[in-house]
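Each residue of the sequence shown is one higher than the one before, starting from 243 at the first, in the numbering used here.
Below: the structure, in structure tokens.
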Amino acid sequence: MTGEPGVRIAVVGAGLIGRRHAEEIAASRSARLAAVVAPAPAAEAVAGAHGVPWYRSLAELLEQDRPDGVVLATPNRLHVQGGLACVAAGVPTLVEKPIADTVQAATRLVEAAEAAGVPLLVGHHRRHSPLLAGAREVVAGGALGRVVAVVGTALFAKPDGYFDVGGGWRRQPGGGPVLINLVHEVDGLRWLVGDVVRVQATTSHAARGFPVEDTAAMVFTFANGALGTFLLSDAAASPRSWEQTSQEDASYPGHPDEDCYHIAGTSGSLSVPTMRLRRYPGAPSWWQPFETSVVEVRRSDPLARQVEHFAAVVRREVEPVCGGRDGLATLRVVEAVVESARTGRPVDLPGAERCRPRLEGSPPT
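Right, dumping it as structure tokens:
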């Protein structure tokens, strides 16, 4: 921002994602890092590396130096507590995903922010991905016709050492890929296709034998009548995950020839992130050849774009791309996956009643 100091944003939490946020804010054109907040001595080192103050607690920060905005990169169970403190102080807040550890807690935070008129964003940073934005434009523009089916995968292999962190909590229920990784996928699919109104899921821990799942299979029903399947595993020697195919995070080896989403409609289909678009030149028929093209997308770092967007929200120039209600809706779907896997039954979500005939097998109207 030429001639302006930039929006002052503090980062609460100095773990992996907290440090990434601090780096992106420090490199931003429209924001600057105001402080790093966390009780651990490592946080003091992060603050020192950026030349900004270090505070041991969010309360201390808000009392001594009210920033323009706060990024909450704390453990999930602390999101609501920290979010409510920021709302009470009138400070716009970006909460890392998921918005909370339960739908009930998330609802409390969302309603408090709305009542106070304080902007609340959720860190589903893929909404700032040019790849997803390009796919969303293709879907919304009608190039695929009516979307009828979606196939998604998040298949990757976490190393053994990943499960030794923090006393092994990642081996226990709540530490698996459903609650940690699936939330990104669900939010991306919701943004591309629309609300999910029914979930059926099953999980397995056969690969590692830990109490927590390592693999999950899901069927999603969308409000527009489309059906989707999704396979998730953190024990799969496969490159078919967003991180490994999108090439947006250089810390992962890239596999540019692979896709992790395929969206099929009555007129065409789109594979993401290769962005291969296939359409029939005439009437659709499996005996006819496709016309194939590639949707051009200029790639850039979604986390960096998210910082610029947050700064614009703080300045009240734009509305959040992913606000509290969005994060709450995504968390509802993930909770439904957990419940369906536990009971073996499908779980209906808000909006299911509007397409009840389709959910029960009748043809769409």
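Ideal Cβ positions, reconstructed from N, Cα and C, are used throughout, including at glycine.
Mind checking residue i: buried by the 16 CB within 10 Å criterion, or exposed?
{"i": "T457", "result": "buried"}
{"i": "Q548", "result": "buried"}
{"i": "S535", "result": "exposed"}
{"i": "R540", "result": "exposed"}
{"i": "G524", "result": "exposed"}
{"i": "A285", "result": "buried"}
{"i": "A377", "result": "buried"}
{"i": "P531", "result": "exposed"}
{"i": "T607", "result": "In this predicted model, T607 has a pLDDT of only 34, less than 50, meaning its place in the structure is not dependable; the value taken from the coordinates is given anyway. So T607 ends up on the exposed side."}
{"i": "A355", "result": "buried"}
{"i": "V560", "result": "exposed"}
{"i": "T471", "result": "exposed"}
{"i": "E533", "result": "exposed"}
{"i": "P592", "result": "exposed"}
{"i": "S371", "result": "buried"}
{"i": "W433", "result": "buried"}
{"i": "T508", "result": "exposed"}
{"i": "V407", "result": "exposed"}
{"i": "G325", "result": "buried"}
{"i": "T395", "result": "buried"}
{"i": "R261", "result": "buried"}
{"i": "G359", "result": "exposed"}
{"i": "G290", "result": "exposed"}
{"i": "R369", "result": "buried"}
{"i": "R250", "result": "buried"}
Bridge partners for residue i per DSSP, in chain order?
{"i": "L363", "result": "L336 and G565"}
{"i": "H497", "result": "For H497, which the question treats as bridged, DSSP gives no partner whatsoever."}
{"i": "G510", "result": "R521"}
{"i": "L397", "result": "S475"}
{"i": "R584", "result": "Looking at the DSSP assignment, R584 forms no beta bridge with any residue, so it has no partner."}
{"i": "R271", "result": "Paired residues: none, contrary to the question."}
{"i": "T534", "result": "R520"}
{"i": "H504", "result": "V393 and S513"}
{"i": "R250", "result": "R274"}
{"i": "V575", "result": "Looking at the DSSP assignment, V575 forms no beta bridge with any residue, so it has no partner."}
{"i": "V539", "result": "For V539, which the question treats as bridged, DSSP gives no partner whatsoever."}
{"i": "D590", "result": "R440"}
Cα-Cα, which of the options is closest to residue i?
{"i": "P283", "options": "V580, G257 and V345", "result": "G257"}
{"i": "A327", "options": "N423, R350, R378 and P281", "result": "R350"}
{"i": "V199", "options": "F462, R412 and Q414", "result": "Since the first and last residues shown for the chain are 243 and 607, residue 199 lies out of range."}
{"i": "T516", "options": "P498, G586, P526 and G507", "result": "P498"}
{"i": "S480", "options": "T471, D501, A468 and L469", "result": "D501"}
{"i": "A477", "options": "E485, H504, R319 and G418", "result": "G418"}
{"i": "R388", "options": "H504, P295, N466 and A277", "result": "N466"}
{"i": "F452", "options": "R319, V253 and Q414", "result": "Q414"}
{"i": "D402", "options": "L421, G410 and T445", "result": "G410"}
{"i": "R440", "options": "A449, A583 and P562", "result": "A583"}
{"i": "A506", "options": "S488, P526 and G496", "result": "P526"}
{"i": "S483", "options": "L469, A449 and E427", "result": "E427"}
{"i": "A449", "options": "A382, L474 and A301", "result": "L474"}
Between which residues of its own chain and residue i is the CB-CB distance below 6 Å, once the five residues before and five after are set aside?
{"i": "A342", "result": "H321, V322 and A348"}
{"i": "H447", "result": "E455 and D456"}
{"i": "R557", "result": "none"}
{"i": "R412", "result": "F405"}
{"i": "P599", "result": "Low confidence applies to P599: its pLDDT is 49, below 50, so where it sits in the model is not reliable enough to give any reading."}
{"i": "A331", "result": "L304"}
{"i": "A546", "result": "E266"}
{"i": "G569", "result": "I341 and V364"}
{"i": "H263", "result": "V253, V313 and A315"}
{"i": "P295", "result": "A277"}
{"i": "V589", "result": "V441, A578, E581 and S582"}
{"i": "V393", "result": "T471 and H504"}
Who are the Cβ neighbours of residue i in its own chain at under 8 Å, not counting the five residues just before and after it?
{"i": "G565", "result": "P361, L362, L363 and V364"}
{"i": "S299", "result": "V279 and P281"}
{"i": "A399", "result": "D476, A477, A478, A479 and S480"}
{"i": "R308", "result": "A331 and V333"}
{"i": "G586", "result": "T444"}
Can you find the residues in the same chain that come closer than 7 Å, C-beta to C-beta, to residue i, ignoring five residues on each side of it along the sequence?
{"i": "I259", "result": "A315 and E338"}
{"i": "V380", "result": "L386, L512, L519 and V537"}
{"i": "Y494", "result": "E485 and Q486"}
{"i": "D491", "result": "E485"}
Shorter than 7 Å, the distance from the beta carbon of residue i to the closest heavy atom of the ligand ATP, or not?
{"i": "R584", "result": "In the structure on display, the ligand ATP does not appear, and there are no ligands present to speak of."}
(request) Note down, one range per segment and in chain order, each alpha helix (DSSP H) of at least 4 residues found wholly within the region 401 to 479. (result) Runs of the alpha helix (DSSP H) inside the region 401 to 479: 419 to 422 and 424 to 435.
Could you name each continuous beta strand (DSSP E) segment of 3 residues or more that falls completely within the region 289 to 331, going from the start of the chain to the end? The DSSP assignment places 311 to 314 as complete runs of the beta strand (DSSP E) inside the region 289 to 331, in order along the chain (cut-off: 3 residues).
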